[in-house]
Structures are given as structure tokens and as C-alpha cells.
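Number of protein chains: 2
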Amino acid sequence: MASTHEKVGYAPEGKPPEHTPFTAASGVESVVRMLEGRWKLVILFHLFGGKLLRFSDLERAIPAISQKMLIQQLRQMESDGIVTRLVHHQVPPKVEYGLTAWGQSLCPALDALLQWAEARPADPDAP
Amino acid sequence: MASTHEKVGYAPEGKPPEHTPFTAASGVESVVRMLEGRWKLVILFHLFGGKLLRFSDLERAIPAISQKMLIQQLRQMESDGIVTRLVHHQVPPKVEYGLTAWGQSLCPALDALLQWAEARPADPDAP
DNA sequence: CCGCATCCAACGAGATACTG
DNA sequence: CAGTATCTCGTTGGATGCGG
Numbered sequence: 001m002a003s004t005h006e007k008v009g010y011a012p013e014g015k016p017p018e019h020t021p022f023t024a025a026s027g028v029e030s031v032v033r034m035l036e037g038r039w040k041l042v043i044l045f046h047l048f049g050g051k052l053l054r055f056s057d058l059e060r061a062i063p064a065i066s067q068k069m070l071i072q073q074l075r076q077m078e079s080d081g082i083v084t085r086l087v088h089h090q091v092p093p094k095v096e097y098g099l100t101a102w103g104q105s106l107c108p109a110l111d112a113l114l115q116w117a118e119a120r121p122a123d124p125d126a127p
Numbered sequence: 001m002a003s004t005h006e007k008v009g010y011a012p013e014g015k016p017p018e019h020t021p022f023t024a025a026s027g028v029e030s031v032v033r034m035l036e037g038r039w040k041l042v043i044l045f046h047l048f049g050g051k052l053l054r055f056s057d058l059e060r061a062i063p064a065i066s067q068k069m070l071i072q073q074l075r076q077m078e079s080d081g082i083v084t085r086l087v088h089h090q091v092p093p094k095v096e097y098g099l100t101a102w103g104q105s106l107c108p109a110l111d112a113l114l115q116w117a118e119a120r121p122a123d124p125d126a127p
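Chain order of the listed sequences is A and B. If you read the first sequence in UniProt numbering, its first letter stands for residue 1, the second for the next number, and so on. If you read the second sequence in UniProt numbering, its first letter stands for residue 1, the second for the next number, and so on.
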């Protein structure tokens, strides 16, 4: 996809000019990729406490999720470098999940999103 | 938000995490609902320029999207009060899409997300 | 207790063609 | 130009059962 010059000049004064729509869109797609799925954000939110949580802890915290989805999303986020997986070779087995530093750095951004969601006006307003 | 410190039927017993994950989870799910889909964020990003864009403008800006998806996501966001739809009864027809004030207020949060994505370290570190 | 594999249902999403 | 309708397909997600 070659770069056509868009009119979508998202170029506020404070932002670098390299924030072109296509780069931005790529970034957007990266974000979408990493946060896609019905459960990623929910899992993340339970991890934002900063403590390591066991698999069963997460299962208990999110009753609506299936094991498959839980492990799947967890693994994907681990691959993305968002969550950590700590295996204790014990009997019975014990695996704890937590956030990487980068994953923790997501917290304020998500919080902004949450606040945005809560700020929804009941009045369908105009731009 | 009033003091909704009650449990919602989750975790019948004992030891919920310290920071109210349930209230938060609800908010998270709202966000997920409103921003889900492969194209919402991309469309939003093209709308953040602040100018009204025609349907065909968006089609041109996002070549990979189909008309069906474009109109669908647009309508959903309109229902959610994120985007505006301005119909000019002319020949040929002309419909312009833009952001509501609330939709525009999403910009910084998304920007934070973008910056987070760009800040991904090559080194998968531990917390 | 943790995780994987398989089967299966339900949407999401794309292509195409048609209408106002 | 803007939007709708229909069909199909791939993916996501859920249920269950087994293995370390």
C-alpha cells in the first residue's frame, strides 16, 4: 500500500509530523490486534492490581470466560510481551500470571478509556 | 457514580481483589462493545482530523474495508453517540460523517494507546 | 491444578448485485 | 453517491474430555 496523501491531517501542533494517517492506522491496527478479543481487556484489568494471579484465580474472577479463551488470550498477550507467565514446578502445579512493565504501562491508557466511557452524555449531542 | 459496592453475584465467597474489578469490568465491557470490530478504531482515526468526511472519502481512505463494514461500523458508532451523520438531500446524494463532542474526547485516550503501542520494548522483560 | 485437543455453533466479515 | 440485501466463508468462542 503506497502512501497516498490523505487529507486526514491528524497533525496537532504538539505531535510529530510523522504521525501520518497510515502510520497511525498501522499503529491502530497493532493496538487492535493486541487488544482484540472479547476478554483481553477484562483479563488485563484484573491483572492491573499488580499482583500475580493464578490461572484459577482468573477463572474465578471472570466466571463467564472459558478455560480455552482464558489460556488463549493469556498466551497471546504473553507473546505480545504484555503479560508474564511464571511456572512453579510443584505438585500441584502452580502458574502465576502478571504484567510486564510494558503491560503495566497500559494502565493509564485503559483508565483514560474507562473514564471516557463513563463520560458518555445521555444527550446525543452535535459536534 | 453512586456507591455501588455490592457484589454482582460473582465470587460468592470471600476474597475479591482489593480494587473493585467488577465495576471496572463493566466499564471495560462497555468500551469493548463500543470499540469492537476490526475497523472502528481505524475509522475513528480518520475522523479525528475534525473535518466531516463523506462516505466515499472514508472508502477511499480505507481501501481494505467493504461498504458493508463501513456503513455498519459507522451506524453502530452513530448509535453509540460517537459519530454524527449529516445528510444533504441533494442530487447526487451527499452524506458527511464526523465526530460528536464525546467522540472527539476519545482522541487523547486513543493517542495514549498508540503511544503505548509504539513504546513496545524489544526486550520481553519481567515486571 | 494447569493446560491442551477436538468438535461444533455463532458471528463477523467479505464479495457481489441491486435500489433510491 | 449512498446504502441495502443476500450468500458464503473464515474465524472466534464455547463445551467437553483427556493428559502432565
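Glycine included, C-beta positions come from ideal geometry on N, C-alpha and C.
Requested in this report: Rounded to whole angstroms, what's the CA-CA distance from E36 of chain B to W39 of chain A? Just pull it up for me.
Outcome: 11 Å
Report task. Rank A:V28, A:H88, A:G81 by C-alpha distance to the C-alpha of F55 of chain A and give the top, closest one. Result -> A:H88
Report task. Classify K68 of chain A as helix, strand or coil using the three-state DSSP reduction. Result -> helix
Query raised in the report: Where does D111 of chain B fall in DSSP's three states?
Result: helix
**Report entry** Contact list for E29 of chain B against chain A, beta-carbon separation under 9 Å
**Finding:** Result: R38, L41, V42.
Report task. Let me know the secondary structure DSSP gives E36 of chain A once reduced to three states. Result -> coil
Query - Below-8 Å beta-carbon distance, R75 of chain A vs any chain B residue - result: So no, R75 of chain A is outside the interface.
Query - Enclosing alpha helix (DSSP H) for residue 186 of chain B [first to last residue] - result: As shown, chain B starts at 1 and ends at 127. That puts residue 186 of chain B outside it, with no answer to give.
Requested in this report: Might you give, ordered along the chain, the residues of its own chain that have their beta carbon closer than 6 Å to the beta carbon of P21 of chain B, omitting 5 neighbours on each side?
Outcome: A caution first: P21 of chain B carries a pLDDT of 46, below 50, which makes its placement in the model too unreliable to give a value.
Query raised in the report: Do you know how far the Cα of Q67 of chain B is from the Cα of E59 of chain B?
Result: Straight-line spacing of the CA atoms in E59 of chain B and Q67 of chain B works out to 7 Å.
Query raised in the report: Straight-line CA distance for residue 128 of chain A to L110 of chain B?
Result: As displayed, chain A neither begins before 1 nor continues past 127, which places residue 128 of chain A out of reach and without an answer.
Query raised in the report: From L86 of chain A to K94 of chain B, what distance separates their C-alpha atoms?
Result: 56 Å
Query raised in the report: What did DSSP end up calling G49 of chain A once you bin it into helix, strand or coil?
Result: Here G49 of chain A sits in coil by DSSP.
**Report entry** Buried versus exposed, by CB contacts within 10 Å (16 or more), A117 of chain A
**Finding:** Counting Cβ neighbours within 10 Å, A117 of chain A comes out buried, since at least 16 surround it.
**Report entry** Assigned secondary structure, L86 of chain A (DSSP; H/G/I helix, E/B strand, else coil)
**Finding:** It is a strand residue.
Query raised in the report: Got a sec: is the Cβ-Cβ distance from S105 of chain B to anything in chain A below 8 Å?
Result: yes
Query raised in the report: Roughly how far, in whole angstroms, is the beta-carbon of L44 of chain A from the beta-carbon of Y97 of chain A, given that I think they are within contact range, below 8 Å?
Result: Contact doesn't hold; Cβ gap of about 11 Å is too wide.
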